[in-house]
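Data first, discussion second: the structure below is written as structure tokens.
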Amino acid sequence: MNQPKTDLPQLAKEMRVGLFATAADFPQALSYAYGVIATLPKKDHVAAFTALHVVLNTIANEIDPK
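Next comes the structure, spelled out in structure tokens:
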């Protein structure tokens, strides 16, 4: 298992993808992601929400391990 990141600027550098824009803040970014998921066929919502929240949980654990 990977050790949690303690260098937050390095974590941000690893996560950043220049091809995409950014939102003003985390709540707005999450709202945007939810809105995009809402445009998908209903049958795909569970998979999309699962993928999104696996990423969010992983980031949270990198920032503040349990």
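FYI, our numbering numbers position 25 of the sequence shown as 25, with every residue one higher than the one before it. Glycine is no exception: its CB is placed at the ideal position from the N, C-alpha and C atoms. Keep in mind that this is a model prediction, so the values were computed, not measured.
Are the CB atoms of residue j and residue i within a distance shorter than 8 angstroms?
| i | j | result |
| --- | --- | --- |
| alanine 33 | leucine 52 | yes |
Between residue i and residue j, which are expected to be in contact by the criterion C-beta below 8 angstroms, what is the C-beta distance as a whole number of angstroms?
| i | j | result |
| --- | --- | --- |
| isoleucine 63 | leucine 19 | Not confirmed; about 23 angstroms, so no contact. |
| isoleucine 59 | alanine 48 | Actually they do not touch by this definition, with Cβ atoms about 17 angstroms apart. |
Quick check on DSSP: helix, strand or coil for residue i?
| i | result |
| --- | --- |
| lysine 13 | helix |
| lysine 66 | coil |
| glycine 18 | coil |
| alanine 51 | helix |
| proline 27 | helix |
| glutamine 39 | Rather than glutamine, the amino acid found at residue 39 in this sequence is threonine. Residue state, collapsed to three classes: coil. |
| phenylalanine 44 | At residue 44 the sequence reads aspartate, which differs from the phenylalanine that was named. DSSP places aspartate 44 in helix when its eight states are reduced to three. |
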